[in-house]
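Numbering (our numbering), first residue to last: 1 to 140. For every residue, glycine included, the Cβ atom is placed at its ideal position computed from N, Cα and C. Because the structure is a prediction, the values reported are computed rather than measured. Here's the structure, in C-alpha cells; my notes come after.
The following block contains the structure:
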C-alpha cells in the first residue's frame, strides 16, 4: 500500500479477492469514501466483516459474497481504484488482467501477484517487485 502514496481522498475502491479486507480498509484509513469487498470464501468473509465492524466502517463498506468474475460480469460501475490479490498458482491474475484490458472496471487496477508471473500486459503496466511478490499497476 505504501506504493499508492498518502491520501486517497474521496475515491471509490473495489477490493477483489479481498481476504481479510486489509487492502480496502487501508484505503479507507487514507480517506477513501467507500469500498466494496468481493470475496467468495466464507471464512474470509467472516474476517472481513469482523474487521469492518472493528474499525466502525460499516457505513463506508459493502461486502459482496460472490466469485470475482461473476461479480465483474454484472458490474457496470467504474471505481476509482481496484485492488486485487488473487490466489497464487491459479490463472486468476491473467484472467483479471484480460478482463480489465477489455472492459475496465476502475481507473486504476493494482494487482498483487507472484514475481515472474506472465501477465501478458503488452507494456501497458508498471510493475514493482517486493521479494517474491510484485504489484503491477494498470491505468485506463
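Buried or exposed: residue i, going by 16 or more other Cβ atoms within 10 Å of its Cβ?
i, result
"residue 39", "buried"
"residue 35", "buried"
"residue 138", "buried"
"residue 93", "buried"
"residue 54", "exposed"
"residue 69", "exposed"
"residue 27", "buried"
"residue 62", "exposed"
"residue 50", "exposed"
"residue 91", "exposed"
Could you please give me the residues that DSSP links to residue i through a beta bridge?
i, result
"residue 13", "35, 81"
"residue 113", "134"
"residue 48", "Per DSSP, none; premise fails for residue 48."
"residue 62", "36"
Could you pull out every residue in the same chain whose Cβ sits closer than 6 Å to the Cβ of residue i, ignoring the five residues on either side in sequence?
i, result
"residue 132", "115"
"residue 23", "15, 83"
"residue 80", "11, 12, 107"
"residue 126", "137"
"residue 97", "119"
Which residues in the same chain have their Cβ closer than 8 Å to the Cβ of residue i, if we skip the five residues on either side of it in sequence?
i, result
"residue 47", "19, 20, 21"
"residue 99", "69, 72, 105"
Please find out if some non-hydrogen atom of the ligand COA comes closer than 7 Å to the beta-carbon of residue i.
i, result
"residue 69", "The ligand COA is not among the ligands present in this structure, which contains no ligands whatsoever."
For residue i, which residues of its own chain have a beta-carbon under 7 Å away from its beta-carbon, when the five flanking residues on both sides are left out?
i, result
"residue 66", "38, 40"
"residue 129", "115"
Does any residue of chain B have a CB that is nearer than 8 Å to the CB of residue i?
i, result
"residue 69", "The chain inventory of the structure shown lacks chain B, comprising one protein chain alone."
Pairs of beta-carbons, one from the region 86 to 93 and one from the region 47 to 60, closer than 8 Å: are there three or more? Flag = no, the region 86 to 93 and the region 47 to 60 do not touch.
Check whether the region 64 to 77 and the region 90 to 105 touch, using three or more Cβ-Cβ pairs below 8 Å as the test. yes
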